[in-house]
Amino acid sequence: MKQLFTLALMGLVSLFASPIHAQAQTTWMRTVSTATGSFVNKQGNAASAYKYKWSSTETAPQLTLQTQNNDMWVDGDGTYHLFVRTFSLSVPDGYAITGYAFNFKGFEGASTNTNRATVTVTPEKGGAAVTCSADQASATISVTGLEENITKFSVSSTAAKANAVPTNFIVTIKKTASALEQLQPTTTVDGRFAPNTVWYKVAIGQGQSTSTFPLIYTGSNEPFSLMRSFTNATPNALWCLVGDNTAGYRLHNRAAAADRLLVSPREMSGTTGGTAYPVVLPLDGLNTTTYESLWKLETSSDLPGMAAFYLCQNGTNYGVNNRDNKLAFWTGGKDRGSAVVFTPAAVDFEIGSQYGEFKNAANTLAETSLWNSTLTAPAALRLSTMNTSFQPAADGKSFLLTDAISGTYTLSTPTKGYIIEGYSFDYPSTLTSITTADGTISNPNGHFEVSNVGKASTTFTVAGNGQVNNFRVFVRQADEVDNAHTVTVFDNATSKVPYRIPALTQTRDGRLLADCDYRISKTDVGYNNQNGLYQIDNVMKVSTDNGRTWSDTVVVARGNEHASEVWRTAFGDPSIVADRTSDNVLMQCVCGKVGYFSSTRSNPQRSAFFRSADGGRTWDQGTDMTEQIYGLYDGKLPGNAQVAGIFLTSGKIMQSRYIKVGDFYRLYIAHPLRTTTVNKFATYVIYSDDFGHTWKVLGGAGVIPSDAADESKVDELPDGTVLLSCRNQGGGRQFNIFTYSDPVKAKGAWGKSTMPSNMTGSQVNACNGEVLVLPARRKVDGKQLYVALQTVPLSSTREKVGFFYKELAAYSDYNSGEKMAANWKKGLQITKNTSCYSTMILMQNDSIGVLFEDVAYNQGYNIIFKSFSLDSITGGKYTLDATSPRDAYLNDALQQRLAGVKTGKAVGMYKSVAALQPLIEAFNAQKTEANMWAVMAAVPSLERVQIEAGKQYMIYNKAYPTHFLSADATAATLNTVDNDSTQVFTFESDGKGNYLIHHVNTGLYIGKTSYSTRPVPAVKADESVAYGVGSDTEGWSFLSCTKPASTSYSVLNSSPAGKVRPYNDKDKGSYWCIYPSPKIITGIGTLKAATNEQNRAYDLQGRRVQHPTKGLYILNGKKVMVK
245 MKQLFTLALM GLVSLFASPI HAQAQTTWMR TVSTATGSFV NKQGNAASAY
295 KYKWSSTETA PQLTLQTQNN DMWVDGDGTY HLFVRTFSLS VPDGYAITGY
345 AFNFKGFEGA STNTNRATVT VTPEKGGAAV TCSADQASAT ISVTGLEENI
395 TKFSVSSTAA KANAVPTNFI VTIKKTASAL EQLQPTTTVD GRFAPNTVWY
445 KVAIGQGQST STFPLIYTGS NEPFSLMRSF TNATPNALWC LVGDNTAGYR
495 LHNRAAAADR LLVSPREMSG TTGGTAYPVV LPLDGLNTTT YESLWKLETS
545 SDLPGMAAFY LCQNGTNYGV NNRDNKLAFW TGGKDRGSAV VFTPAAVDFE
595 IGSQYGEFKN AANTLAETSL WNSTLTAPAA LRLSTMNTSF QPAADGKSFL
645 LTDAISGTYT LSTPTKGYII EGYSFDYPST LTSITTADGT ISNPNGHFEV
695 SNVGKASTTF TVAGNGQVNN FRVFVRQADE VDNAHTVTVF DNATSKVPYR
745 IPALTQTRDG RLLADCDYRI SKTDVGYNNQ NGLYQIDNVM KVSTDNGRTW
795 SDTVVVARGN EHASEVWRTA FGDPSIVADR TSDNVLMQCV CGKVGYFSST
845 RSNPQRSAFF RSADGGRTWD QGTDMTEQIY GLYDGKLPGN AQVAGIFLTS
895 GKIMQSRYIK VGDFYRLYIA HPLRTTTVNK FATYVIYSDD FGHTWKVLGG
945 AGVIPSDAAD ESKVDELPDG TVLLSCRNQG GGRQFNIFTY SDPVKAKGAW
995 GKSTMPSNMT GSQVNACNGE VLVLPARRKV DGKQLYVALQ TVPLSSTREK
1045 VGFFYKELAA YSDYNSGEKM AANWKKGLQI TKNTSCYSTM ILMQNDSIGV
1095 LFEDVAYNQG YNIIFKSFSL DSITGGKYTL DATSPRDAYL NDALQQRLAG
1145 VKTGKAVGMY KSVAALQPLI EAFNAQKTEA NMWAVMAAVP SLERVQIEAG
1195 KQYMIYNKAY PTHFLSADAT AATLNTVDND STQVFTFESD GKGNYLIHHV
1245 NTGLYIGKTS YSTRPVPAVK ADESVAYGVG SDTEGWSFLS CTKPASTSYS
1295 VLNSSPAGKV RPYNDKDKGS YWCIYPSPKI ITGIGTLKAA TNEQNRAYDL
1345 QGRRVQHPTK GLYILNGKKV MVK
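Just so we're aligned, residue 245 is where the sequence shown starts under our numbering, counting upward by one.
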């Protein structure tokens, strides 16, 4: 009785028996249980306890319940558990699920654990989520009003290893038209396609996305090239079916004449038909011995949830397939690559009483002011006017047009997503003129035709009157640029409280989470505007169908005007990420009562992180992370600057696609930072390897990635290089890159932040946009590559949000900040309105989802969702291609990195790279980022040139390579001499890692540094002080005094004039090459007095010396040392 009661509530069955009639059954019930069907795991093993799919024993129709992995468990007694995942119910083509219901309760831990847990079941459509608490006996989920071939529900919980145990799981099913029955064939009459011909886009080997292999007619009789791309409803992409599936269909293309059709060769040439190519040929004169003109359609189940067919040659079982990117046959069988999808996309309407009904504007009387088409799917058409002078003729094809009252007629399609492409009709001379909507006037010539209308509604005006006929109207799907799926997610226009600042992510089970500010304060976080309030709530909506429909609003973080913890007053400017391998979601909000430009270190603008462990269904109370974030910069900024404000940027928290350290892929957030002295200071990037529990500064706080100093975003380039896109506070955008040398340890270097020439402040607004890097294919030649996208207002003011795009065909297109900023092109503009912040992601259906602010009003914006293909964003130049390889990028990236690994004899350089060779060979065999980084990770362990005791070195300057370090014995100071490589030094260890530096030529040592205006002394051994030597791998070293008079001036530096003064290690003149001397200088005793011209001695400046003391001299053209 309990089961019957449940069914009665669902409205699925009657409690009373019905009379038995000899009619075909049209409704069915299926019970999901071990008694009525069988469970198997993903490998098809029924013995395993973990299961992937259940199938009913009863077929016609057979019901299946399945999940992505082995996420069901069956106990020995037949009880089954649904773990926290998304599940799908499906039936075959020709049937539909109309509803389902089951009782359930929740458990946690292992499948045999009896500990109860709170569990929620959420249907994709047809009902609200139902929660069964841990102390509740059971709950019932009931879903009605469906008509779906496949429908989904999810199980969620915050408990560990939670699962739902369903009972009385009943699904109702009804008979529907099959996919074949839903196709609408046509005929040809007098060389024309019949009125109301429905045209289809045809694609083969299609996945569940907008990326397809469409069948495009090029006007030739050559084989069809198949390239994965989105296709608009252009004539060469449209096909119709003539005939039926019993006798066979003819396939015609709209761009070809009606007497031309798709034919197939009877000979299955090539391997299993691999070169048997269908082509378009005229029917008249067709050699039927060579070609077959008819086709049969067989239903395919290879594309779950989609109506698909095998397109087979009539009289055979051979189906077409994608063979090496050409349409050919595969005689070896049929699979997903053979599946063909027909998508209705256009109609050739004819207006007349045969094809619709004339009525008045109220649509009630058989008068003549309005005509509606009988055909309503895939599109409908209407013709209307203010007058009532339509007078249909008896033939049902012609009717009167007159200029009574206004003479203006309106053609429109009420079907969303469709436009009128063109129209034509024949008319008599009594119609003296016809004027189109754009003002074009046609003189009477008997035939009127308009093309390229491109609108859902258009008008024309007549003068005179006359009976028109052959009134044809071509209605088609709008191009995606005009028909981007658009939804107002948060309606600012009807809200007294403004919405602002969008954030967007998609969970691994496909749920879109859209997040934004609900600004009770009517302004930014930390300010109270005119209403004296600070409160801002963070609100969210969810979509389970890639943005077509959205849930009700949920408050994730509610601000509290009177919170005891001030950081809980307001939560704004969210950024968000959903982990790709788990159900964890991380959201960050700026919070509190202090604004960014009012922030100080002692009273900072704060930052909070919120977490969800069930894909955004439930959230924790948040954690204030302010001190950890600010602490990353305390005492570490360049020039001893002190941090005053940090603003973590809203939109997308970027998760690496390639770098995984521990359990999670790396996260990145970019942010501006201001100091106590300037409001515009720097942009930094922080990263986390534990999904946001702890953060570090990418590249260190001592290096500024960009001086753009405003909201910025991060993405990842094909080799793992980090891309930084910065809103420049003064207007425009800047780009920079961080190149890893060791990604695991996050070691690497920033490039130079650069502004593109077409993204200056006069061209794009200083606004928070989004950057996204995608695998793609260039359509003109099929080259696989990557494309970067940037959203931003395409104006110097806050309006006209749209895209820029940049081709990344090779590593050299982005291997520096300057290169990354070059060659951006303006793409699709997505709104004409006032518009501002935007964010975007690549969704699981291969569309780019954009959430953006549109139409400024009441200190906020509508938060709009639109989705696009890469094709429409780039004007058809590129299409998404997930198979685009990264080998070439990784190879070039490694070669550039290895170019910096220099071997040589200078101190600091590598002695040899032989140890890298096995790793390089492994990379060449398999070009992956792991193998590339294995090479780079081994570089630091290579043996480097060290200072050797007793060895003599010459030392020359980096900024002035002809300046060799020396000492002036007379002045007792260091200096440099030009082009004199005979000046040599030795390094005597002090036992503490530092050195006493000895000038062999004079016998003097380098003394203690003083101030920048004073020379560095050359002293006797007992007055010398130790110097630290810091060397890089390119062989440049700085020499730093360990006991300087001023710590700011401790490094030896060469001036252009050759003087050596103490300075810092930031100047190029402070770096020296310490290189083994090619000649060893030895003592020669004391020079004898000169007796003739040949024995005269000269110093190194060419001055004659009568009484040489210790030092180096020129004697008879040779250098000698006097001890």
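Every residue, glycine too, gets a C-beta built ideally from N, C-alpha and C.
It should be emphasised that the depicted structure is a prediction, and the values quoted were computed from it without experimental measurement.
Residue closest to R971, alpha-carbon to alpha-carbon, out of E960, D933, L942 and L917: The sequence position of residue 971 within the sequence shown is 727, counting from 1. Answer by Cα proximity: L917.
- Message: Just to confirm, is the Cβ distance from T543 to A423 under 8 Å?
- Response: Taking the first residue of the sequence shown as 1, we reach residue 543 at position 299. Taking the first residue of the sequence shown as 1, we reach residue 423 at position 179. Taking 8 Å as the Cβ cut-off, T543 and A423 qualify as a contacting pair.
State the start and end residues of the unbroken beta strand (DSSP E) segment that holds W298. Position 54 of the sequence shown holds residue 298. Taken as a continuous stretch (DSSP letters only), the beta strand (DSSP E) holding W298 covers K297 to S300.
Q. L1134 by DSSP, collapsed to three states: which one?
A. Residue mapping note: residue 1134 aligns to position 890 of the sequence shown, counting from 1. It is helical.
Look at the alpha carbon of R755 and the alpha carbon of T862, and state the distance between them as a whole number of angstroms. Taking the sequence shown and counting its residues from 1, one reaches residue 755 at position 511. Taking the sequence shown and counting its residues from 1, one reaches residue 862 at position 618. The straight-line gap from Cα to Cα measures roughly 13 Å.
request  = Using three-state DSSP, classify R850 as helix, strand or coil.
outcome  = Within the sequence shown, residue 850 is the residue found at index 606, counting from 1. Correct three-state label for R850: strand.
Subject >> CB-CB length for D647 against N709, believed under 8 Å >> reply: For the purposes of this step, residue 647 is taken as the residue at position 403 of the sequence shown. For the purposes of this step, residue 709 is taken as the residue at position 465 of the sequence shown. Cβ atoms of D647 and N709 come within 8 Å of each other, at about 6 Å.
Checklist line | Reduced DSSP category for N884 - H, G, I as helix; E, B as strand; rest coil | finding: If you number the sequence shown from 1, residue 884 lands on position 640. Here DSSP, grouped into helix, strand and coil, assigns N884 to helix.
Check: Just curious, the beta strand (DSSP E) that I663 is in, first and last residue?
Finding: Counting from 1 along the sequence shown, the entry for residue 663 is found at position 419. Run containing I663: Y662 to D670, per the beta strand (DSSP E) assignment.
Q.
I1107 and C556 - do their beta-carbons sit closer together than 8 Å?
A. For this step, residue 556 is matched to residue 312 along the sequence shown. For this step, residue 1107 is matched to residue 863 along the sequence shown. Taking 8 Å as the Cβ cut-off, C556 and I1107 do not qualify as a contacting pair.
**Asked** Any idea if R1371 is buried or exposed, counting beta-carbon neighbours within 10 angstroms, 16 or more meaning buried?
**Response** Shown here, the chain extends from 245 to 1367; a query on residue 1371 therefore has no answer.
**Prompt:** Taking buried to mean at least 16 other C-beta atoms within 10 Å of its own C-beta, is S462 buried or exposed?
**Reply:** On the sequence shown, position 218 is the one that residue 462 refers to. Checking the sequence shown, residue 462 turns out to be Thr, not Ser. In this structure T462 is exposed. Its beta-carbon is surrounded by fewer than 16 other beta-carbon atoms within 10 angstroms.
Exercise for the section: Measure the alpha-carbon distance for N773 versus A953 and round it to whole angstroms. Expected result: Mapped onto the sequence shown, residue 773 falls at position 529. Mapped onto the sequence shown, residue 953 falls at position 709. Their Cα atoms are separated by approximately 25 Å.
Worksheet entry | V719 and L627 closer than 8 Å at C-beta | Locating residue 719 in the sequence shown gives position 475, where the first residue counts as 1. Locating residue 627 in the sequence shown gives position 383, where the first residue counts as 1. No, the pair does not count as a contact, with Cβ atoms beyond the cut-off.
field: As assigned by DSSP and simplified to three states, the class of W863
entry: Indexing the sequence shown from 1 puts residue 863 at position 619. DSSP places W863 in coil when its eight states are reduced to three.
Discussion item. Considering Cα atoms alone, identify which of Q635, S642, L645 and V697 is closest to S656.
Written reply: Within the sequence shown, residue 656 is the residue found at index 412, counting from 1. Shortest Cα-Cα distance from S656 to any of Q635, S642, L645 and V697 involves V697.
For T1257, count the other beta carbons within 10 Å of its own beta carbon; 16 or more makes it buried, fewer makes it exposed. Which is it? The residue you call residue 1257 lines up with position 1013 of the sequence shown. With a threshold of 16 other beta carbon atoms within 10 Å, T1257 falls short and is exposed.
Are K1252 and V1269 close, meaning C-beta to C-beta below 8 Å?
Along the sequence shown, read from residue 1 onward, the residue named residue 1252 stands at position 1008. Along the sequence shown, read from residue 1 onward, the residue named residue 1269 stands at position 1025. Contact flag set, yes.
From T454 to S1111, what distance separates their C-alpha atoms? The sequence position of residue 454 within the sequence shown is 210, counting from 1. The sequence position of residue 1111 within the sequence shown is 867, counting from 1. For T454, the predicted model reports a pLDDT of 36, less than 50, meaning its position is unreliable; a value from the coordinates is still stated below. Between the alpha carbons of T454 and S1111 lies a distance of about 11 Å.
Apply the 10 Å Cβ neighbour rule to S1185 and answer buried if 16 or more other Cβ atoms are within range, or exposed otherwise.
Taking the first residue of the sequence shown as position 1, residue 1185 is located at position 941. S1185 is exposed by the Cβ-count criterion.
Report the three-state DSSP secondary structure of L619 (helix, strand or coil).
For the purposes of this step, residue 619 is taken as the residue at position 375 of the sequence shown. When DSSP states are grouped into helix, strand and coil, L619 belongs to the coil group.
task: Report all residues from its chain with a CB closer than 6 Å to the CB of G451; omit the five preceding and five following residues, and keep chain order.
output: Here the question's residue 451 lines up with position 207 in the sequence shown. Caution is warranted here: a pLDDT of 43 is assigned to G451, below 50, making its placement in the model unreliable, and no coordinate value can be reported.
Assigned exposure category for E601 - 16 Cβ within 10 Å defines buried: Residue numbering aside, residue 601 sits at position 357 when the sequence shown is read from its first letter. Classification for E601: exposed.
Checklist line | One or two residues paired with P636 in a DSSP bridge | finding: As a first step, residue 636 must be located in the sequence shown, where it is residue number 392. Bridge partners of P636: F643.
Taking all protein chains shown into account, decide if T430 is buried (16 or more other Cβ within 10 angstroms of its Cβ) or exposed.
-> Numbered from its first residue, the sequence shown carries residue 430 at position 186. It counts as buried.
What does the Cβ neighbour count give for Q1338, buried or exposed, with the cut at 16 atoms within 10 Å? Numbered from its first residue, the sequence shown carries residue 1338 at position 1094. Note that Q1338 has pLDDT 43, beneath the 50 cutoff, so the model's placement of it is unreliable and no number is given.
Taking only the alpha-carbon atoms, compute the straight-line gap between A1333 and A1143 and give it to the nearest angstrom. Your numbering for residue 1333 matches position 1089 in the sequence shown. Your numbering for residue 1143 matches position 899 in the sequence shown. Its pLDDT being 37, under 50, A1333 is placed unreliably in this model, and the value from its coordinates should be taken loosely. Between A1333 and A1143, the C-alpha separation is close to 55 Å.
Using DSSP with H/G/I as helix, E/B as strand and the rest coil, what is A520?
Here the question's residue 520 lines up with position 276 in the sequence shown. If DSSP states are grouped into helix, strand and coil, A520 belongs with coil.
Next item on the list: Could you tell me which residues DSSP puts in a beta bridge with C760?
Entry: The sequence position of residue 760 within the sequence shown is 516, counting from 1. Looking at the DSSP assignment, C760 forms a beta bridge with V783.
Practice problem: Excluding the 5 residues preceding and the 5 following P1259 in the sequence, name in chain order all residues of the same chain whose CB lies nearer than 6 Å to its CB. | Solution: Indexing the sequence shown from 1 puts residue 1259 at position 1015. Cβ within range, chain order: T1217.
Review point. Is the beta carbon of W1316 less than 8 Å from the beta carbon of S1294?
Key: Reading the sequence shown from its first residue, position 1072 is the one you call residue 1316. Reading the sequence shown from its first residue, position 1050 is the one you call residue 1294. No, Cβ-Cβ distance for W1316 and S1294 is not below 8 Å.
My output table needs one value for D515: the three-state DSSP class, helix, strand or coil. To locate residue 515, count along the sequence shown from 1; it is residue 271. For the record, residue 515 in the displayed sequence is Thr; it is not Asp. In the structure shown, T515 sits in a helix (DSSP, three-state: H, G or I).
Distance, A345 Cα to F249 Cα: The sequence position of residue 249 within the sequence shown is 5, counting from 1. The sequence position of residue 345 within the sequence shown is 101, counting from 1. Only weak support is given to the placement of F249: the predicted model assigns it a pLDDT of 30, under 50, and the question is left unresolved by the model.
In chain order, each alpha helix (DSSP H) run of at least 4 residues that lies wholly inside the segment 384–443 = Scanning the segment 384–443 from its first residue to its last, the whole alpha helix (DSSP H) runs of 4-plus residues come out as 423–426.
**Report entry** P746 - partner residues in DSSP beta bridges
**Finding:** The sequence position of residue 746 within the sequence shown is 502, counting from 1. Residue pairing by DSSP places P746 opposite no residue, since no beta bridge is assigned to it.
If the criterion is Cβ atoms closer than 8 Å, does the pair A572 and V585 meet it? As a first step, residue 572 is located in the sequence shown; it is residue number 328 there, counting from the start. As a first step, residue 585 is located in the sequence shown; it is residue number 341 there, counting from the start. No, the Cβ-Cβ distance between A572 and V585 is not below 8 Å.
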